[in-house]
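*Asks:* Counted from 1, the sequence shown has number 44 at position 44 by UniProt numbering; the numbering is strictly sequential.
Each residue gets a CB set at the ideal place from its N, CA and C atoms; glycine is no exception.
Got a structure for you, written out below as structure tokens; questions coming shortly.
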Amino acid sequence: MPCTSVVIDNASLDDTAEIVRREFPETILVTQADNTGFGIGNNVGISLAIAQKADYIFLLNQDAFVTPNAIAQLATFMDANPDYMIATPLHCSPDLHTLDPNTQKSYLQRYAPSYLSDACLGLVKSHYDIRGINAAAWFVRTSTFFTVGGFDPLFFMYGEDDDLINRFEHMGQRFALVPTSQIVHLRARSPRPKSGLATQIWNLSERARSDLLIDMKLPLGSTFGKFTRLLSSGIIHPLGRLIVDHDWRSACAYVLATVRVLAQTRKIFSSARQCGNKGPHYLDI
């Protein structure tokens with residue numbers, strides 16, 4: 001099937017950009033001067049694809065690869081089912097013989113238990129309705145981005161896909177799991193030097209901040225309820241774990257994350273109001 005590949009290089013420190021230029025000259029390569037994070041990097045690619053008049057936009061992580069027919073299978077499904085706006089392949093890791101454990105635990109068990117039971121019985125259907133799945137591989141109808149918008153730049157890393165899943169659901173965008181289409185998500189990590197205690201706590205707080213931010217941005221719910229849950233999840237529960245488990249790193253990370261979220265309250269609620277309305281939010285179109 002005809003398609004155009006776009007690579008967003010988020011200020012990589014190795015030879016990634018040069019390898020793409022040399023080995024894949026037909027690919028559109030966009031090099032970022034700074035690492036702006038997962039969501040903003042994707043927004044750049046989405047905006048470019050929209051400018052290229054794409055019918056569908058397939059988002060693929062840099063540490064994932066598709067099987068030979070995976071993209072065509074997703075396109076065929078979407079062509080035949082115009083009521084679905086997003087489709088995802090089955091996420092495998094570390095090979096095609098094994099479900100990705102993180103995806104199974106965080107998404108399939110919660111949002112597609114019927115697929116898991118059918119797979120155990122050897123009775124897998126062509127597709128399953130699913131609330132969402134991590135953004136390692138999303139096949140999205142371009143019109144969806146005009147309705148829901150792109151990834152919220154408030155998220156640097158972690159949680160931006162769950163925030164967008166909430167917005168898909170809020171705007172009535174149906175999401176399908178197509179298990180005959182498969183990817184392998186290697187979940188590769190760049191080697192990092194051993195970090196100090198302050199850096200460890202900051203990194204933990206980044207993930208905690210994303211968890212708290214997702215809840216604060218929910219399209220529905222009262223402001224009082226959101227602040228109550230923020231204090232419960234960000235202060236009371238971590239301090240309880242500190243007393244019981246002596247997990248002081250986690251407690252420090254969550255308190256720091258809560259302070260960071262409170263400092264951005266006005267911006268967070270402004271973003272939540274914006275995302276409550278239709279529009280190509282955060283996209284350069």
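1) What is the DSSP secondary structure of A11, reduced to helix, strand or coil?
2) Which residues in the same chain as T223 place their Cβ atom closer than 8 Å to its Cβ, once the five residues preceding and following it in sequence are excluded?
3) Quick one, which of L239, L212 and S117 has its alpha-carbon nearest L262's?
4) Please state the DSSP three-state secondary structure of M78.
5) Kindly indicate the opening and closing residues of the beta strand (DSSP E) around H91.
6) Out of A112, Q200, R167 and A136, point me to the one whose CA is closest to A176's CA.
7) Hey, which unbroken runs of the alpha helix (DSSP H) at 4 residues or more fall wholly within the region 134 to 199?
8) Have a look at L204, H237 and V6 and flag the residue whose alpha-carbon is nearest the alpha-carbon of R61.
9) Which of the three DSSP states is assigned to L218 in this structure?
10) Going by the beta-carbon positions, is the gap between T180 and S126 smaller than 8 Å?
11) Based on Cα-Cα distance, which residue from A208, I165, S117 and A11 lies nearest to I130?
12) Mind checking R110: buried by the 16 CB within 10 Å criterion, or exposed?
13) Figure out for me which residue from K105, T144 and H185 has the closest Cα to the Cα of A136.
14) Under a three-way DSSP split, which group does Y254 fall into?
15) Figure out for me which residue from K105, M157, T31 and V178 has the closest Cα to the Cα of V140.
16) Classify F269 as helix, strand or coil using the three-state DSSP reduction.
17) From what residue to what residue does the beta strand (DSSP E) around T31 run?
18) Give me, in chain order, the residues of the same chain whose beta-carbon lies closer than 6 Å to that of G45; leave out the 5 immediate sequence neighbours on both sides.
19) Helix, strand or coil for D95 per DSSP?
20) Counting C-beta neighbours from all protein chains within 10 Å, is the total for E160 16 or more, i.e. buried, or is it exposed?
21) So, using beta-carbon positions, are T147 and A54 closer together than 8 Å?
22) Since I believe I236 is in contact with I50 (beta carbons under 8 Å), could you give me their beta-carbon distance rounded to a whole number of angstroms?
23) Using a Cβ-Cβ cut-off of 8 Å (strictly less than) and excluding sequence neighbours within five positions of L230, which residues of its own chain qualify?
24) Between H170 and P238, what straight-line distance do the alpha-carbon atoms span, to the nearest angstrom?
25) Distance check for G196 and L108, CA to CA, integer angstroms please.
26) Identify whether V66 lies in helix, strand or coil by the three-state DSSP scheme.
27) Counting along the chain, where does the alpha helix (DSSP H) carrying F38 start and finish?
28) Can you tell me whether T228 is buried or exposed, with buried defined as 16 or more other CB within 10 angstroms of its CB?
29) Tell me the rounded alpha-carbon separation between I40 and L29.
*Replies:* Concretely, from the data shown:
1) Against the sequence shown, residue 11 aligns to sequence position 11. Here A11 sits in coil by DSSP.
2) Taking the sequence shown and counting its residues from 1, the one referred to as residue 223 is at position 223. For T223, where only same-chain residues beyond five positions count, the Cβ hits under 8 Å are F269.
3) Counting from one through the sequence shown, the residue named residue 262 turns up at place 262. Per the Cα distances, L212.
4) Along the sequence shown, read from residue 1 onward, the residue named residue 78 stands at position 78. Of the three classes helix, strand and coil, the one that applies to M78 here is helix, per DSSP.
5) Your numbering for residue 91 matches position 91 in the sequence shown. Segment Y84 to C92, the beta strand (DSSP E) holding H91.
6) Counting from 1 along the sequence shown, the entry for residue 176 is found at position 176. Among A112, Q200, R167 and A136, the Cα nearest to that of A176 is on A112.
7) 142 to 148 and 160 to 170
8) The residue labelled residue 61 in the question sits at position 61 within the sequence shown. It is worth fixing the name first, because residue 61 is Asn in this sequence and not Arg. Of the listed residues, the one whose Cα sits closest to N61 is V6.
9) Within the sequence shown, the letter at position 218 stands for residue 218. Note: L218 maps to coil in three-state DSSP.
10) One-based indexing of the sequence shown puts residue 180 at position 180. One-based indexing of the sequence shown puts residue 126 at position 126. For T180 and S126, yes; Cβs fall inside 8 Å.
11) Locating residue 130 in the sequence shown gives position 130, where the first residue counts as 1. The option with the nearest alpha carbon to I130 is I165.
12) The residue you call residue 110 lines up with position 110 of the sequence shown. Its Cβ having fewer than 16 others within 10 Å, R110 is exposed.
13) Start at 1 with the first residue of the sequence shown, and residue 136 comes out as number 136. Here the closest residue by C-alpha is H185.
14) As a first step, residue 254 is located in the sequence shown; it is residue number 254 there, counting from the start. In the structure shown, Y254 sits in a helix (DSSP, three-state: H, G or I).
15) Within the sequence shown, residue 140 is the residue found at index 140, counting from 1. The shortest C-alpha separation from V140 is found at V178.
16) Translated into the one-based positions of the sequence shown, residue 269 becomes position 269. It is helical.
17) As a position in the sequence shown, residue 31 is number 31, starting the count at 1. I28 to T31 is the extent of the beta strand (DSSP E) around T31.
18) As a position in the sequence shown, residue 45 is number 45, starting the count at 1. Excluding sequence neighbours, G45 sits near V6 and I8.
19) Counting from one through the sequence shown, the residue named residue 95 turns up at place 95. Coil at D95, not helix or strand.
20) Position 160 of the sequence shown, counting from 1, holds the residue named residue 160. That one is buried.
21) Counting from 1 along the sequence shown, the entry for residue 147 is found at position 147. Counting from 1 along the sequence shown, the entry for residue 54 is found at position 54. No.
22) Position 50 of the sequence shown, counting from 1, holds the residue named residue 50. Position 236 of the sequence shown, counting from 1, holds the residue named residue 236. In this structure, I50 and I236 do not form a Cβ contact; the two beta carbons are roughly 44 Å apart against a cut-off of 8 Å.
23) By 1-based counting over the sequence shown, the position of residue 230 is 230. Cβ within range, chain order: L212, D215, M216, T258, V261 and L262.
24) Looking up residue 170 in the sequence shown gives position 170. Looking up residue 238 in the sequence shown gives position 238. Going from the Cα of H170 to the Cα of P238 covers about 30 Å.
25) Locating residue 108 in the sequence shown gives position 108, where the first residue counts as 1. Locating residue 196 in the sequence shown gives position 196, where the first residue counts as 1. Linking L108 to G196 through their CA atoms gives a straight-line distance of about 36 Å.
26) Within the sequence shown, the letter at position 66 stands for residue 66. It is a strand residue.
27) As a first step, residue 38 must be located in the sequence shown, where it is residue number 38. Element bounds for F38: F38 to A51.
28) Here residue 228 corresponds to residue number 228 of the sequence shown, with the count starting at 1. By the neighbour-count rule (16 or more Cβ atoms within 10 Å), T228 is not buried but exposed.
29) Position 40 of the sequence shown, counted from the start, is the residue given in the question as residue 40. Position 29 of the sequence shown, counted from the start, is the residue given in the question as residue 29. Rounded to the nearest angstrom, the two C-alpha atoms are 15 Å apart.
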